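*Asks:* Using our numbering, read the first sequence as starting at 1 and increasing by one per residue.
The beta carbon of each residue, even a glycine, is placed where N, CA and C say it ideally should be.
Just so it is clear, the structure is predicted and the values come from calculations on it, not from any experiment.
Please read through the structure below; I'll follow up with questions.
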Amino acid sequence: MAQAGLVGGALTVNWCLEVLTDFLKDLNEVQRNAVIATKGPVMVLAGAGSGKTRVITYRIAYLINNEGIAPGNILALTFTNKAAGEMRHRVDTLLHKGSSSGLWIGTFHSVFARLLRNYIDLIGYDSNFSIFDSDDSKSLIRQSMGELNISVDAVPVNTVQGIISRAKNSFILPAEFHSNASDYNQQKASQIYELYTRKLKENNALDFDDLLIKPIELFNARPEILAELQDSFRYIMIDEYQDTNKAQYLVAKMLGAKHRNVFVVGDDAQSIYSWRGADISNILNFQDDYHDALTFKLVENYRSTGTILKAANSVISRNQRQIKKELISHRNEGEPLTLIEAYNERNEAEKVGEHIRTMRLKQDYEYRSFAIFYRTNAQSRVLEDIMRQHKIPYKIFGSVSFYKRKEIKDAVAYLRFILNERDGESLLRIINFPPRKIGDVSIGKLKEFAEENGISFYDAIRRAEEGGFQARLVTALGSFSTVIEALKDLAESGTVYDVLSELFNLTSIPLLLQAENTPESLARNENLQELLSMARDFSDHNPDNGSLGDFLENISLASDYEETQDSDNYVSLMTVHAAKGLEFPVVFVTGLEERLFPLHCYEPDELEEERRLFYVAVTRAQEKIFLSWAQSRYQYGQQHYCLKSMFIGEIDASIIQTESGVLLSDRPEKEKPVGSGLSSSKGYQPKMATPSSPFAAADKSNLSKSGLRAGTMVHHALFGPGTVLDVQGTGAKQKVRITFRNTGEKTLMVQYANLKIQS
DNA sequence: TAACTGCTCTTTTTT
DNA sequence: AGAGCAGTTA
């Protein structure tokens with residue numbers, strides 16, 4: 001614009017108009033209005049597939065190109081790295097290449113980690129702080145509980161971690177938590193929270209939640225920093241606003257307070273992170289904070305067929321708490337949904353694989369057109385097995401993360417410790433890895449020595465010869481600290497790659513794994529080599545080769561690791577949570593069973609969130625949806641009998657067909673669901689259908705003299721109507737697990753329960 | 001100190 | 001079913 005301005009006024013106007021029309025012609029009217037409303041607070045309620053990402057990216061491009069805003073003045077916050085990368089990429093495509101450099105696009109966590117590197121020394125941390133993942137933080141909580149003599153058996157560490165995390169996400173600091181702690185348990189939790197916080201600081205470490213709340217503490221302590229940042233971030237955009245928690249809400253509000261150009265996009269119907277402290281009222285109450293906020297509603301859906309939207313609308317309409325809006329289709333009706341009914345999870349996976357194969361051959365779909373969703377990560381395993389067996393290329397997103405593997409965590413712990421020698425968690429990981437004969441006893445002695453002399457644990461190691469330890473231990477500690485010191489020196493001058501390869505040299509970890517020569521150890525070694533090549537990539541693709549700190553930050557905050565694939569044509573496997581924001585031509589939603597999806601429904605609110613999750617799954621699909629459930633499934637190493645998910649019944653039976661193409665609405669009532677699925681399945685001959693199969697055995701064991709079996713509808717005098725989930729044992733001791741419509745799940749003794757069977 | 005054994009607990013979902 | 005842990009033994 002500035003250049004055009006030099007040439008002359010008329011030209012400027014023409015050029016601008018051209019760019020303007022160019023830009024905005026791809027948008028509908030509401031989208032366009034949202035894009036050009038650049039001043040003041042704006043909220044966009046964007047239904048699934050209504051072009052939400054498009055609006056944000058066009059707005060960024062419009063700000064840069066048409067309003068001449070410097071990219072550095074724009075802050076765009078997302079929830080996943082994937083979304084951030086996608087957004088940056090799209091802005092780059094929209095403008096000319098490189099336009100996005102200088103833009104602040106990232107997840108809340110990564111953006112604030114970056115900011116904290118610059119300012120955290122002002123609130124008493126060193127800028128080389130470590131970022132603790134949830135395992136690290138769990139271990140620190142366990143330590144804290146130990147020191148407070150609180151038994152881990154009495155209160156599980158996971159529970160405590162959840163309580164602390166929820167407090168942090170609601171920006172309740174230890175002092176406030178303490179003064180609100182009414183009962184005994186809360187007082188205990190408060191003590192742990194306080195000690196845990198202190199320990200984090202001793203370790204010069206932040207946990208994930210700290211990345212959100214430390215900025216708030218910083219802004220409160222140093223208003224001048226806040227003022228500085230408010231002026232840098234003149235335009236703030238937040239994606240998936242329905243999933244922000246209190247801390248995120250606060251930090252965004254603070255940053256936007258001066259210029260008030262806060263632009264939030266969200267969909268209350270897709271709020272699926274309340275368990276992480278996400279507060280749907282942030283979006284519902286946006287206008288209370290900004291009375292002059294403009295609101296736009298995007299309901300035109302460009303993604304899915306009419307049938308898919310009909311299904312989605314009908315599902316979400318059952319929720320009480322929602323802003324009513326129906327998505328309007330811009331595509332043809334499309335095909336009905338297909339219901340897959342299977343014996344068990346293996347059979348389910350087989351059928352999914354079979355459908356992928358035939359659709360690819362007969363209908364010209366590519367592997368990349370398909371996505372398979374599941375509710376829990378544990379379900380991915382069978383699917384993965386079957387895909388591999390059938391030679392279908394696939395990729396699992398965000399499963400057991402690459403970075404959570406032991407060997408990777410060990411290597412990363414070295415790197416973390418080199419950078420931050422107060423990081424005790426990392427030190428404990430590596431001090432005896434590879435084995436140096438430094439066990440718990442020696443560590444205890446060292447700790448004592450450190451405390452007596454008021455020095456740090458690592459200083460105690462460095463000064464081990466003064467401690468009067470056994471010569472063998474002193475030698476071991478000496479060789480350990482030699483390695484660390486050498487690596488520290490190298491970290492000053494060399495690249496991340498240099499440090500990592502020298503680490504492998506000095507410790508011989510790869511050699512040890514090779515020598516072990518088991519399939520597992522060789523796989524571990526391969527993972528380490530993969531890490532090494534990632535380090536090389538990182539050095540190559542970053543200015544000044546990138547710092548070790550940045551490398552570690554990427555690793556800590558990366559959710560999924562992009563495994564190098566031979567091609568990019570593969571079937572995608574992921575949890576429904578991970579699927580948010582994505583779209584695929586063909587979608588399989590698997591495991592649609594009561595107690596799996598929906599997972600647990602103790603509270604109506606929880607059921608509504610599960611339903612929103614199902615809504616997210618359905619609205620990912622562009623052309624075709626398969627819904628599948630299995631009659632039995634292994635969970636916790638035990639076989640369970642399943643009931644069809646209520647969600648299937650919430651879709652009009654006239655738009656669902658069986659695998660043989662019969663609409664559910666036309667199917668005779670009497671026909672057994674699984675029976676019909678079986679008789680019509682051609683390709684797969686179930687191995688399980690032999691008398692010795694678990695399936696057949698189930699029929700025997702589950703049928704009892706009482707006439708109760710999984711699926712039986714019963715009535716209890718006190719608890720009312722319910723459905724039998726499973727039957728355990730026989731005779732007088734027979735117990736039955738029932739999910740009651742009103743009171744939830746109960747296990748009852750058959751002989752006392754006095755159940756009436758409903759026909 | 002490390003290897004072995006039997007026990008418990010897990011599974012929501014993610015940064 | 002599998003991982004992780006405490007307690008025991010070599």
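Buried or exposed for residue 679, please, with buried defined as at least 16 other CB atoms from any protein chain shown within 10 angstroms of its CB.
*Replies:* On the first sequence, residue 679 is found 679 positions in, with the first residue counted as 1. Only weak support exists for where residue 679 lies, its pLDDT of 31 falling under 50; the value from the coordinates is given anyway. Its Cβ having fewer than 16 others within 10 Å, residue 679 is exposed.
*Asks:* If you drop the 5 nearest sequence neighbours on each side, which residues of the same chain put their C-beta closer than 6 angstroms to that of residue 80?
*Replies:* As a working note, residue 80 is residue 80 in the first sequence. Nothing listed; no residue qualifies.
*Asks:* Got a sec? Which residues, its chain only, sit under 7 angstroms from residue 193 by beta carbon, not counting five neighbours each side?
*Replies:* Locating residue 193 in the first sequence gives position 193, counting from the first residue. So the qualifying residues of the chain are 164, 167, 174, 177.
*Asks:* Alpha carbon to alpha carbon, how far is residue 341 from residue 134?
*Replies:* Along the first sequence, read from residue 1 onward, the residue named residue 341 stands at position 341. Along the first sequence, read from residue 1 onward, the residue named residue 134 stands at position 134. Between residue 341 and residue 134, the C-alpha separation is close to 37 angstroms.
*Asks:* Let me make sure I understand the geometry here. Which of 247, 529, 242, 298 has the alpha-carbon closest to that of residue 284?
*Replies:* The count along the first sequence starts at 1 and reaches residue 284 at position 284. When only C-alpha atoms are compared, the closest one is 242.
*Asks:* Counting only the same chain and skipping the five closest in sequence on each side, list residues whose C-beta sits under 8 angstroms from that of residue 118.
*Replies:* Here residue 118 is taken as the residue at index 118 of the first sequence, counted from 1. Only 127 meet the Cβ criterion.
*Asks:* Any chance the stretch 210 to 226 sits against the stretch 442 to 453, with 3 or more Cβ pairs inside 8 angstroms?
*Replies:* Flag = no, the stretch 210 to 226 and the stretch 442 to 453 do not touch.
*Asks:* Classify residue 152: buried if its beta carbon has 16 or more other beta carbons within 10 angstroms, exposed otherwise.
*Replies:* Walking along the first sequence from the start, residue 152 turns up at place 152. When all chains shown are included, residue 152 counts as exposed.
*Asks:* Does DSSP put residue 590 in a helix, a strand or coil?
*Replies:* Taking the first sequence and counting its residues from 1, one reaches residue 590 at position 590. Three-state DSSP puts residue 590 in coil, outside helix and strand.
*Asks:* Starting from residue 608, trace the beta strand (DSSP E) both ways and give me its first and last residue.
*Replies:* The residue given as residue 608 occupies position 608 in the first sequence. That residue, residue 608, is in no beta strand (DSSP E); its alpha helix (DSSP H) goes 604 to 619.
*Asks:* When you compare the CB positions of residue 667 and residue 527, do they come within less than 7 angstroms of one another, or not?
*Replies:* Residue 667 sits at position 667 when you count from the first residue of the first sequence. Residue 527 sits at position 527 when you count from the first residue of the first sequence. Against a cut-off of 7 angstroms, the Cβ pair of residue 527 and residue 667 comes out as no contact.
*Asks:* Would you say residue 637 and residue 327 are within 7 angstroms of each other, going by their C-beta atoms?
*Replies:* Taking the first sequence and counting its residues from 1, one reaches residue 637 at position 637. Taking the first sequence and counting its residues from 1, one reaches residue 327 at position 327. Contact flag unset, no.
*Asks:* Count the other C-beta atoms from every protein chain shown that fall within 10 angstroms of the C-beta of residue 275, then say buried if there are 16 or more, exposed otherwise.
*Replies:* Start at 1 with the first residue of the first sequence, and residue 275 comes out as number 275. When all chains shown are included, residue 275 counts as exposed.
*Asks:* Considering only the alpha carbon of each residue, which of 272, 89, 302, 157 lies closest to residue 584?
*Replies:* Taking the first residue of the first sequence as 1, we reach residue 584 at position 584. Closest by alpha carbon: 302.
*Asks:* Return the first residue and the last residue of the alpha helix (DSSP H) that residue 444 is part of.
*Replies:* Working through the first sequence from its first residue, we reach residue 444 at position 444. From DSSP, the alpha helix (DSSP H) with residue 444 extends over 440 to 453.
*Asks:* Express the C-alpha separation of residue 586 and residue 294 in angstroms, rounding to a whole number.
*Replies:* Locating residue 294 in the first sequence gives position 294, where the first residue counts as 1. Locating residue 586 in the first sequence gives position 586, where the first residue counts as 1. Looking at the two C-alpha atoms, the distance is approximately 36 angstroms.
*Asks:* Using 7 angstroms as the threshold, is the C-beta distance between residue 462 and residue 479 below it?
*Replies:* Here residue 462 refers to the residue found at position 462 of the first sequence. Here residue 479 refers to the residue found at position 479 of the first sequence. No. Outside cutoff.
*Asks:* According to DSSP, residue 666 sits in a beta bridge with which residue or residues?
*Replies:* By one-based count along the first sequence, residue 666 stands at place 666. Paired residue(s): none; residue 666 is not in a bridge.
*Asks:* In this structure, how does DSSP classify residue 640 when only helix, strand and coil are distinguished?
*Replies:* Numbered from its first residue, the first sequence carries residue 640 at position 640. It is a strand residue.
*Asks:* Compare the beta carbon distance of residue 476 and residue 422 with 7 angstroms and say whether it is the shorter of the two.
*Replies:* Here residue 476 refers to the residue found at position 476 when the first sequence is read from its first residue. Here residue 422 refers to the residue found at position 422 when the first sequence is read from its first residue. Cβ atoms of residue 476 and residue 422: not closer than 7 angstroms.
*Asks:* Is the Cβ-Cβ distance between residue 339 and residue 658 less than 7 angstroms?
*Replies:* Here residue 339 refers to the residue found at position 339 of the first sequence. Here residue 658 refers to the residue found at position 658 of the first sequence. Yes.
*Asks:* Quick one: Cα of residue 541 to Cα of residue 187, how far?
*Replies:* Working through the first sequence from its first residue, we reach residue 541 at position 541. Working through the first sequence from its first residue, we reach residue 187 at position 187. Their backbone Cα atoms lie some 49 angstroms apart in a straight line.
*Asks:* Residue 582 by DSSP, collapsed to three states: which one?
*Replies:* As a first step, residue 582 is located in the first sequence; it is residue number 582 there, counting from the start. Here residue 582 sits in coil by DSSP.
*Asks:* With DSSP run on the structure shown, which of helix, strand or coil describes residue 63?
*Replies:* Counting from 1 along the first sequence, the entry for residue 63 is found at position 63. Residue state, collapsed to three classes: helix.
*Asks:* Return yes when the Cβ of residue 169 is within less than 7 angstroms of the Cβ of residue 209, no when it is not.
*Replies:* In the first sequence, the residue the question calls residue 209 occupies position 209. In the first sequence, the residue the question calls residue 169 occupies position 169. Yes. Within cutoff.
*Asks:* With H, G and I counted as helix, E and B as strand and the rest as coil, what does DSSP make of residue 148?
*Replies:* By 1-based counting over the first sequence, the position of residue 148 is 148. Looking at residue 148 - three-state DSSP - the assignment turns out to be coil, as it is neither helix nor strand.
*Asks:* Measuring alpha carbon to alpha carbon, tell me which of 160, 130, 132 ends up nearest residue 142.
*Replies:* Numbered from its first residue, the first sequence carries residue 142 at position 142. Residue 142 has its Cα closest to that of 160, out of 160, 130, 132.
*Asks:* How far does the alpha helix (DSSP H) with residue 342 in it reach, from first residue to last?
*Replies:* Looking up residue 342 in the first sequence gives position 342. No alpha helix (DSSP H) holds residue 342; the beta strand (DSSP E) holding it covers 337 to 344.
*Asks:* Alpha carbon to alpha carbon, how far is residue 230 from residue 393?
*Replies:* Indexing the first sequence from 1 puts residue 230 at position 230. Indexing the first sequence from 1 puts residue 393 at position 393. C-alpha separation (whole angstroms): 47 angstroms.
*Asks:* Compare the beta carbon distance of residue 487 and residue 418 with 7 angstroms and say whether it is the shorter of the two.
*Replies:* Counting from one through the first sequence, the residue named residue 487 turns up at place 487. Counting from one through the first sequence, the residue named residue 418 turns up at place 418. For residue 487 and residue 418, yes; Cβs fall inside 7 angstroms.
*Asks:* Tell me the start and end of each unbroken beta strand (DSSP E) in the stretch 490 to 565 that is at least 3 residues and wholly inside, in chain order.
*Replies:* For the stretch 490 to 565, not a single whole beta strand (DSSP E) run of length 3 or above is found.
*Asks:* Please classify residue 198 as buried or exposed, where buried requires at least 16 neighbouring CB atoms within 10 angstroms.
*Replies:* On the first sequence, position 198 is the one that residue 198 refers to. It counts as exposed.
*Asks:* State buried or exposed for residue 154, treating a residue as buried only when at least 16 other CB atoms are found within 10 Å of its CB.
*Replies:* As a working note, residue 154 is residue 154 in the first sequence. Exposed, by the Cβ-count rule.
*Asks:* For residue 599, tell me which candidate among 138, 379, 331, 385 has the shortest Cα-Cα distance.
*Replies:* Position 599 of the first sequence, counted from the first residue, corresponds to residue 599. Taking only the C-alpha atoms, the option nearest residue 599 is 379.
*Asks:* At the level of alpha carbons, what is the spacing between residue 630 and residue 621?
*Replies:* Within the first sequence, numbered from 1, the residue matching residue 630 stands at position 630. Within the first sequence, numbered from 1, the residue matching residue 621 stands at position 621. Distance between the alpha carbons of residue 630 and residue 621 is about 22 angstroms.
*Asks:* How many Å lie between residue 104 and residue 149 at the Cα?
*Replies:* Here residue 104 is taken as the residue at index 104 of the first sequence, counted from 1. Here residue 149 is taken as the residue at index 149 of the first sequence, counted from 1. Straight-line Cα distance between these residues: approximately 45 angstroms.
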